[in-house]
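Enquirer: If you count by our numbering, then the sequence shown holds residues 38 to 548, one letter each, in order. Backbone N, C-alpha and C define an ideal beta-carbon position, used for all residues, glycine too. Before we start, here is the structure in question, set down as C-alpha cells.
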Amino acid sequence: MASLSDLLALPQLGLTLVQSGPGDPEISWLSTTELLDLGEYLEGGEIILTTGLALESGDPRWRDFVASLSRARVAAIGFGVGVNHERIPPALVSAASMYRVALFEVPLPTPFIAISKAVAGLVRADELRAARGALQAQQRLLDGARGKQDPAEVLASIAQATGKQLALLTSDGAVLASTAGFAAATSATTAATEPETIRLDREGSLRLAVAGATPLTPEGHAVIAAGSIVLWLGLRGADAEESRERERWERFTWALLTGSATPATIEILSTRVRLPERVRAVAVQGSPEDVSNWRRRPRSGHDRFITPGGLPAQAPGLALAWQLCADTPEATAHLLEVAAEHGLDAVLGRPTDPATAELSLRSAGSRLSALSATAPLYAAPRVPTVVWADRDTPFLEALVALSDPTAGAPGDPTGLAPHDTSQLSTRVLGPLSLHSTELPGDEAEMLRATLRAVYAADGQRGPAATALGIHRNTLRDRITRIERLTARTLADADDRAELWLALRVEGLTGR
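Structure representation (C-alpha cells):
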C-alpha cells in the first residue's frame, strides 16, 4: 500500500515532517476536518488534514484531539499553517510526540485539495500494482493448467501470491494436497479464524480450504478464483478416464457387498485408500434420473464405494443403488445429506466389518419395503425417508447361520453357537421373551397371548379381539406396545415371520 513516506517525497507539495510515528504508516485515505473528536468516524490509516480553526495555540484540548486520532490508528496529521496559525501549535506537537502520531506541516501555498489528489493517485497506483501482480499470478496459474500442474504446485503458487495456507480436501475430509504450513495454520485456529472452504464443484466433492488470519485483498480473491479453476480443470478434465475409474470402483463395491471379493482386493484399485474397520451397506432409492445424478456426482476417497447393485427397485419407475459407508456419525450424516440433495430415500444396513459386508446388505434389503413405492415419483417437494436396519441379528439370517458348523467361531457376526436358539428368540422378542425380567410375568404373558391371537386370526383384528374378549381399541393399543417393545411391526412380512418363529421356538423348546 501507499505509505506516508511516499506522500512526503512528492516535491510539488512541499510537506515537512515535524514528528514521526512508529514506522512508515500505510495510507488508506484522507480526510479534512476541524472537528475535535473525529475518531469514531475513521477506520484507520487515514491522513487527517486540519488548520486548527477550533482551538487556540495553547489550548489543552489539542491533547484530546490527538488522543482520539491515535485510538483510531490514523496514518498521520497534516497541519496547514498560515491560515489560522502561523506555525504548528506547540501543544499539538507535544501531544503528537506523547501519542506517537506522525505530524507534518502543510505550507500555505499548498491547498488541501492538492494533497487529497496526491493521496488518491498513490492509492490508485498501489491498486494498479496489486492488480497487475494478481493478473500475473493468474496467468502463471492458467499457463500451468496447460502443462497439467500437480495440485500441490498450484496450491504453492496461490499461497505465494496471497500469503495464505491452503489444502485440497475430498468430500469426506481427506487431504489430497496442501501447502507446507497448512497443518500448523489450522492447528492454531480458533472459532473466529476457522479455515474458509470453497466448493470447487456443485456437489462439494472437492473443496479448497484457505487458512490464515490476514484478510484477503480483492486481488487475493481473484488469485484464489483462478487457482480454483485450475485445480478443477486438472482434477476433473479427463471425463473418459473418470468414467472408467467409477466403473472399477462400482464393480469392486458390489463384489464386496455380495461376498465375492475380499477386502484385500482393494489394493488393486488403490494403495492409499483403506477400508474402514466398520461399514454399512446403504440403499438409496428414487427416480432413475435422481439416482443417476447421485451416482455420477464427482467422488473421491471412501465416497467412491458406490454401485448400481443387482437388486430390483421396489416398483416400476424407480431405481435402486448402493453405497458402502464407514460406520461413523460423520460419514453417515454426509451420505444422508447428499442423498437428500438428490431427493433419494435411504435404508442403512446394520454395521459389520468389511469382510461380512453382505450381512449389512441383507439387513438393508429386508427393510426396503418400508420405503414408499410412489412418493419419489409424485410427492413434491420431496422429504426423503431414512430407515435404519440396526437390529441385532435378524432372526431369519441367524437361523441360516445356526445351521452352519462354523457358527460361533471367532468373527462370526451372530455371536451364537450352533443350534443355540434360546438367545435368538430372546433377541427378537425382547421384553416379551420367557427369559426377560423387564416386564412383570403376567403382563408379558398377556402380550404374548395377544400376539398369538392375532396370528391365529390370520392378522384380522376383529376376530382376534373377540377371541381375547377385549375391545378392538384395546387390541390396537396392545399391538402398538408389542411393536414398540420388539422394534418390529406387524405390517412388515419379515417382521411378522420373525415374531412368529420366535414364539414358536420358545413354545417348542420351553427356552
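Starting from ASP382, trace the beta strand (DSSP E) both ways and give me its first and last residue.
Expert: Start and end: 382-385.
Enquirer: Can you confirm whether ARG464, when its beta carbon is compared against all beta carbons of chain D, has any partner nearer than 8 Å?
Expert: This model lacks chain D altogether, as it is built from one protein chain only.
Enquirer: Tell me where the alpha helix (DSSP H) around THR503 begins and ends.
Expert: Element bounds for THR503: 498-505.
Enquirer: In three-state terms, what does DSSP make of ILE85?
Expert: Here DSSP, grouped into helix, strand and coil, assigns ILE85 to strand.
Enquirer: Output the residue ranges of the beta strand (DSSP E) runs that lie fully inside the region 319-372 and measure 3 residues or longer, sorted by chain position.
Expert: 356-363
Enquirer: Which parts of the region 73-148 are runs of the alpha helix (DSSP H), unbroken and 4 residues or longer, counting only runs that do not cross its ends?
Expert: 98-108 and 127-136
Enquirer: How many Å lie between VAL328 and THR487 at the Cα?
Expert: 43 Å
Enquirer: Identify whether GLN49 lies in helix, strand or coil by the three-state DSSP scheme.
Expert: coil
Enquirer: Check VAL55 in the structure and name its three-state DSSP category.
Expert: strand
Enquirer: Excluding sequence positions up to five away, which residues of its chain have a Cβ less than 6 Å from the Cβ of ALA368?
Expert: CYS362
Enquirer: Between ASP429 and ARG315, what straight-line distance do the alpha-carbon atoms span, to the nearest angstrom?
Expert: Note that ASP429 scores 48 on pLDDT, short of 50, meaning its location in the model is unreliable; the coordinates nonetheless yield the value given after this. Cα to Cα, ASP429 sits roughly 15 Å from ARG315.
Enquirer: With which residues is ARG215 paired in a DSSP beta bridge?
Expert: The sequence shown places Ser at residue 215, rather than the Arg named in the question. ALA204.
Enquirer: Would you mind stating whether ALA214 and ALA189 have Cβ atoms separated by less than 8 Å?
Expert: yes
Enquirer: Classify ASP532: buried if its beta carbon has 16 or more other beta carbons within 10 angstroms, exposed otherwise.
Expert: buried
Enquirer: Within the chosen definition, does the region 148-161 reach the region 61-79 through at least 3 CB pairs nearer than 8 Å?
Expert: yes
Enquirer: Please report the Cβ distance between GLY76 and LEU106, rounded to the nearest whole angstrom; I am assuming they are in contact, meaning their Cβ atoms lie under 8 Å.
Expert: In this structure GLY76 is in contact with LEU106, their Cβ atoms being roughly 6 Å apart against a cut-off of 8 Å.
Enquirer: Looking only at DSSP bridge pairs, what is VAL423 linked to?
Expert: In the DSSP output, where bridge partners are listed per residue, VAL423 has ALA383.
Enquirer: For ARG108, count neighbouring Cβ atoms within 10 angstroms of its own Cβ and tell me buried if that reaches 16, exposed if not.
Expert: exposed
Enquirer: Runs of 3 residues minimum, wholly inside the region 242-274: which ones carry the beta strand (DSSP E) assignment?
Expert: 243-248
Enquirer: Kindly indicate which residue of ALA151, ASP96, LEU145 and VAL120 has the alpha-carbon position closest to the one of PRO127.
Expert: ASP96
Enquirer: Can you tell me the Cα-Cα spacing of THR411 and PRO335, whole angstroms?
Expert: Spanning the two alpha carbons is a distance of roughly 28 Å.
Enquirer: I need the straight-line Cα distance from SER208 to ILE261, nearest angstrom please.
Expert: 20 Å
Enquirer: Pull up the distance between the alpha-carbon of LEU540 and that of ARG525, whole angstroms please.
Expert: 14 Å
Enquirer: Please state whether DSSP places VAL437 in a helix, a strand or coil.
Expert: Caution applies to VAL437, whose pLDDT of 49 falls short of 50 and renders its modelled position unreliable; the value that the coordinates give is listed next. In the structure shown, VAL437 sits in a helix (DSSP, three-state: H, G or I).
Enquirer: Looking at C-alpha atoms only, which residue of ASN510, VAL212, LEU484 and ARG419 is the closest neighbour of SER242?
Expert: VAL212
Enquirer: Under the three-state reduction of DSSP, which class applies to THR295: helix, strand or coil?
Expert: Residue state, collapsed to three classes: coil.
Enquirer: Does any heavy atom of the ligand SAH sit closer than 7 Å to the C-beta of LEU245?
Expert: With respect to the ligand SAH, the structure shown offers nothing to examine, as it has no ligands at all.
Enquirer: One question on the structure: do LEU140 and VAL55 come within less than 8 Å of each other, judged by their Cβ atoms?
Expert: yes
Enquirer: For ARG161 and LEU237, I'd like the C-alpha separation in whole angstroms.
Expert: If I take the Cα positions, the gap works out to 32 Å.
Enquirer: Using beta-carbon positions only, say whether LEU405 and VAL319 come within less than 8 Å of one another.
Expert: no
Enquirer: Go ahead and pull the three-state DSSP assignment for ARG317.
Expert: Note: ARG317 maps to strand in three-state DSSP.
Enquirer: Taking the alpha-carbon positions, what's the HIS371 to TRP331 distance?
Expert: 13 Å
Enquirer: ALA377 and PRO421: beta carbons closer than 8 Å?
Expert: yes
Enquirer: Give every residue of the same chain whose Cβ lies closer than 8 Å to the Cβ of PRO300, excluding the five residues on either side of it in the sequence, and list them in chain order.
Expert: LEU293, LEU312, PRO391 and ALA392, listed in sequence order.
Enquirer: For SER68, which of helix, strand or coil comes out of DSSP?
Expert: strand
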